[in-house]
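Chemist: Residues 0 to 81 (numbering that gives the first Met the number 0) are what the sequence shown spells out, left to right.
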Amino acid sequence: MNHTNVVDVKAWIDTRPVSRSQWNVLLLCFIIIMLDGYDAAVMGFVAPALIEDWGISRAEMGPILGAAMFGVAIGAGSGAAF
């Protein structure tokens with residue numbers, strides 16, 4: 000006779016402690032998310048120094064920052080396919 004065991008997956012997961020590899024994956028995800036947004040966040044701090052160093056106006060800096068955000072959008076769109 001065939002005998003099958005039924006396993007409650009939710010209960011099995013809930014009774015197990017979080018492993019070291021799971022903590023490592025969580026840490027890696029946190030670092031990736033933190034670094035992913037760093038380029039967009041730092042532009043606001045770097046823009047005034049670039050304006051001064053390059054000798055351009057604030058109006059001329061707008062398209063540069065816009066192009067950077069356009070690049071982020073293209074990267075996000077192409078990265079979503081993978």
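Glycine included, each C-beta is placed from N, C-alpha and C at the ideal position.
If the criterion is Cβ atoms closer than 7 Å, does the pair A46 and M60 meet it?
Modeler: yes
Chemist: With a Cβ-Cβ cutoff of 7 Å, do L64 and M42 count as a contact?
Modeler: In this structure, M42 lies closer than 7 Å to L64 by Cβ.
Chemist: Mapping the DSSP letters down to three states, classify T3 as helix, strand or coil.
Modeler: coil
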